[in-house]
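In UniProt numbering, the protein residues as written are 1 to 280.
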């Protein structure tokens with residue numbers, strides 16, 4: 001089953017290699033892989049050990065090295081065909097990758113690959129099972145920035161629920177995480193801090209309503225401090241998913257918090273990481 005994901009990653013690497021100066025954005029590469037943009041980069045990074053940006057850089061420089069040795073193109077032409085906006089940025093990236101300037105590399109006349117190499121690590125294993133999740137209605141607040149700071153929005157949600165007497169309508173604390181921190185700059189990370197509510201709850205500003213679809217989900221039962229979730233995600237996306245042969249749904253992962261740091265030690269925190277799967 002892992003072969004299906006390997007085939008997609010190989011297709012993407014071929015595309016980058018063949019189109020170094022083309023559109024190599026995350027969304028464009030997700031289309032090449034035929035995967036949801038919400039999960040594509042997490043799968044790529046967990047399975048290969050490098051981010052898409054690192055792979056793009058490595059393959060662009062690999063093509064440039066070949067052109068320097070096997071063509072008589074000017075350095076400006078090599079830089080442009082390798083997808084670099086300026087000769088200066090190309091020189092800087094090439095020097096970091098090969099330990100010498102493009103001109104010195106050409107004069108040396110010996111082809112070799114960049115020094116940049118993927119480094120896939122080992123990840124902790126937590127129980128994962130496929131479960132049917134109900135559709136949920138959330139009342140909450142959007143957050144932009146470091147995911148570790150989303151706790152502030154959860155606190156504000158709890159305060160609003162208390163002042164508006166909404167707790168009889170509420171139950172679970174749930175976070176929705178739209179972006180991969182390895183692919184999106186920290187200030188631009190998008191998430192949503194919410195509390196599941198029944199249909200009788202009034203959701204008025206500044207609270208916002210968000211609907212989560214029901215259906216099949218891969219649910220990882222994580223125990224431990226929240227900073228450890230990143231490595232747990234890598235196991236889910238990089239090992240469990242390819243082995244399970246499941247197809248991802250088109251919705252971001254969500255985290256259901258079964259207890260809270262206010263009265264629970266970090267090592268005893270319980271989180272259900274829910275990743276949507278396609279129906280069978």
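Where a beta carbon is used, it is the ideal one built from N, C-alpha and C, also for glycine. If you're wondering where the values come from, they're calculated on a predicted model, not measured in any experiment.
Any chance you could list the alpha helix (DSSP H) runs of at least 4 consecutive residues sitting entirely within the region 225-269, in chain order? Considered as a whole, the region 225-269 harbours 229-235 and 241-244 as its complete alpha helix (DSSP H) runs of no fewer than 4 residues, in chain order.
To the nearest angstrom, how far is the alpha carbon of residue 23 from that of residue 63? 16 angstroms
Does the contact criterion of 3 or more C-beta pairs under 8 angstroms hold for the region 188-200 versus the region 164-173? With the rule of 3 Cβ pairs closer than 8 angstroms, the region 188-200 counts as touching the region 164-173.
Enumerate in chain order the residues of its own chain whose CB-to-CB distance from residue 39 is below 6 angstroms, with the five nearest sequence positions on each side excluded. Cβ neighbours of residue 39 within its own chain (closer than 6 angstroms, five residues either side excluded): 248.
Going straight from the alpha carbon of residue 187 to that of residue 146, what length do you get? 7 angstroms
In this structure, how does DSSP classify residue 187 when only helix, strand and coil are distinguished? Correct three-state label for residue 187: helix.
Could you tell me which uninterrupted alpha helix (DSSP H) segments, each at least 4 residues in length, are contained entirely in the region 100-179, listed from first to last along the chain? 102-108 and 151-163
Would you mind working out which of 34, 28, 47 and 41 sits nearest residue 181, comparing C-alpha positions? 41
On a Cα-Cα basis, can you pick out the residue from 242, 261 and 271 that is closest to residue 253? 271
Just the C-alpha distance for residue 69 and residue 10, rounded to the nearest angstrom, thanks. 25 angstroms
By the 10 Å Cβ neighbour count, where 16 or more other Cβ atoms means buried, how is residue 211 classified, buried or exposed? exposed
DSSP-derived helix/strand/coil call for residue 35: DSSP places residue 35 in the coil class of the three-state scheme, outside both helix and strand.
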